[in-house]
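A.B. asks: What follows is a structure written as structure tokens; I'll ask about it next.
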Amino acid sequence: MNRFVLNGVSYHGKGAIEAVPQEIKSRGLTKAFVTSDPDLVKFGVTAKVTDLLDAAEIPYTLYDNIKPNPTVENVQTGVAAFKESEADCIVAIGGGSSMDTAKAIGVIITNPEFEDVLSLEGESPTKNPCVPTIAVATTAGTAAEVTINYVITDVEKERKFVCVDPHDIPVVAIVDPDMMSSMPKGLTAATGMDALTHAIEGYITKGAWELSDMFHIKAIEIIARSLRGAVENDPDGREGMALGQYVAGMGFSNVGLGVDHSMAHTLSAHYDTPHGKACAILLPTVMRYNAEYTGEKYREIARAMGVEGVDDMTQEEYRKAACDAVQQLSEDVGIESSLKGIVKEEDIPVLSKDAFADACCPGNPRDTSEEEIAELFRSLL
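For the sequence shown, numbering that gives the first Met the number 0 assigns the number 0 to the initial residue and increments by one for each residue that follows.
So this is what it looks like as structure tokens:
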């Protein structure tokens with residue numbers, strides 16, 4: 000049996016944010032708790048939404064104690080702030096960090112027995128849906144607005160933990176490319192490659208099946224043709240990436256990921272490496288590592304990446320073509336190809352242990368080990 004969970008409602012395209020006040024009022028909600036990171040507030044991105052709330056006379060409280068890799072403390076102070084605000088819904092504005100924080104806050108408010116946050120790790124056994132949440136994406140990568148997953152950092156133990164819970168999914172997703180137009184090149188590239196990693200890992204994970212394959216192949220195709228343009232702030236590229244990352248999220252949220260994300264999580268936890276950047280650096284290497292365990296799927300990845308003549312290639316050739324096409328895209332958008340300067344050789348045993356224990360690891364198409372993960376890290380130094 001396969002389960003699929005998606006948003007009840009989603010809005011796409013320029014001007015989609017205008018639906019936020021309407022969705023709040025139509026659900027009988029009266030006050031919003033707005034989560035957004037400090038930079039989005041500083042540069043006026045958050046105001047694009049809060050101005051709409053002001054115009055609609057919907058009161059709100061702004062919470063911006065959010066870090067790029069949100070911590071247990073961020074969530075706990077957010078829970079206290081939500082209670083004090085007397086809000087009855089959440090408007091999460093941002094990328095994965097803002098939305099992951101909002102998801103954890105929303106779940107704990109309706110399931111207070113998990114207020115320690117740490118007990119939400121893994122398949123969270125919550126009983127109640129989270130506070131009604133409207134998620135407004137500002138990056139084209141994480142797809143947190145459509146997923147049932149979120150990631151929190153345990154600073155004390157220098158580790159990230161993944162929480163999987165259908166109760167945390169936002170009731171409404173807003174995917175408006177205009178909200179992403181202020182992303183700098185580096186962030187656009189990294190989050191875009193994160194989205195491609197979602198699509199590729201979701202397509203080859205052990206849990207993949209026909210319905211999820213449909214989403215992932217289409218996402219790879221959209222991202223492959225859109226990311227270069229998005230990095231140059233081309234409107235068509237921005238719009239393509241807004242859609243492509245969401246489509247990837249529809250798939251991987253329901254079938255899981257693999258060892259690329261396991262390794263990326265531990266890099267973020269130990270070195271505070273931006274998640275998208277970590278995924279992007281790892282992707283071509285991890286694809287080559289997994290290639291012989293993917294059947295004919297790399298042929299379809301190569302085709303979706305725009306490689307011509309794949310039907311005339313041998314299995315070895317189309318697998319190489321798929322990896323090479325991903326490597327080329329990564330280089331074209333300015334992603335570095337090495338972990339040199341990030342990973343310390345002496346840390347590799349701990350990094351490998353944490354990556355192997357990560358919730359994404361079991362979904363990898365190739366059964367792995369701490370030793371093999373260590374070799375993957377070393378190969379990128």
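Backbone N, C-alpha and C fix where the C-beta goes; we use that ideal spot for every residue, glycine too. Just so we're clear, the structure is a prediction, and the values are computed from it rather than from any experiment.
(1) Give the straight-line distance between the Cα atoms of I300 and G93, rounded to the nearest whole angstrom.
(2) Taking the C-alpha atoms as reference points, what is the distance between T293 and T367?
(3) Would the beta-carbon of D142 fall within 8 Å of that of A247?
(4) Considering G228, what are the terminal residues of the alpha helix (DSSP H) in which it resides?
(5) Could you tell me which whole alpha helix (DSSP H) segments of length 4 or greater appear in the segment 318-380?
(6) Rounded to the nearest angstrom, what separates Q314 and Y297 at their Cα positions?
(7) Could you name the residues of the same chain whose beta carbon sits closer than 6 Å to that of A198, not counting the 5 residues immediately before and after it, in chain order?
(8) Assuming contact is defined by CB atoms lying nearer than 8 Å, are K159 and S252 in contact in what I supplied?
(9) Would you kindly report the start and end of the unbroken alpha helix (DSSP H) that includes F251?
(10) Between the beta-carbon of T265 and the beta-carbon of I151, is there less than 8 Å?
(11) R158 bridges to which residues according to DSSP?
(12) Taking the beta strand (DSSP E) that T60 belongs to, which residues open and close that run?
(13) Run the CB neighbour count on F81, radius 10 Å, all protein chains shown included, and call it buried at 16 or more, exposed below.
(14) Bridge partners of E122, per DSSP?
(15) Opposite A91 in the DSSP bridges: which residues?
C.D. replies: Put simply:
(1) G93 has its alpha-carbon roughly 29 Å from the corresponding atom of I300.
(2) 14 Å
(3) The sequence shown places Ala at residue 142, not Asp. Yes, these two residues count as a Cβ contact at 8 Å.
(4) First-last of the alpha helix (DSSP H) with G228: E209 to V230.
(5) If we require 4 residues or more, the alpha helix (DSSP H) runs fully inside the segment 318-380 come out as 347-356 and 369-378.
(6) Put simply, the backbone Cα of Q314 is about 8 Å away from that of Y297.
(7) H215, A218, I219 and A247
(8) Using a Cβ distance threshold of 8 Å, K159 and S252 do not count as a contacting pair.
(9) P234 to V254
(10) no
(11) D153
(12) Segment Y59 to Y62, the beta strand (DSSP E) holding T60.
(13) buried
(14) The partner list for E122 (beta bridge, DSSP) reads V163.
(15) T34 and A134
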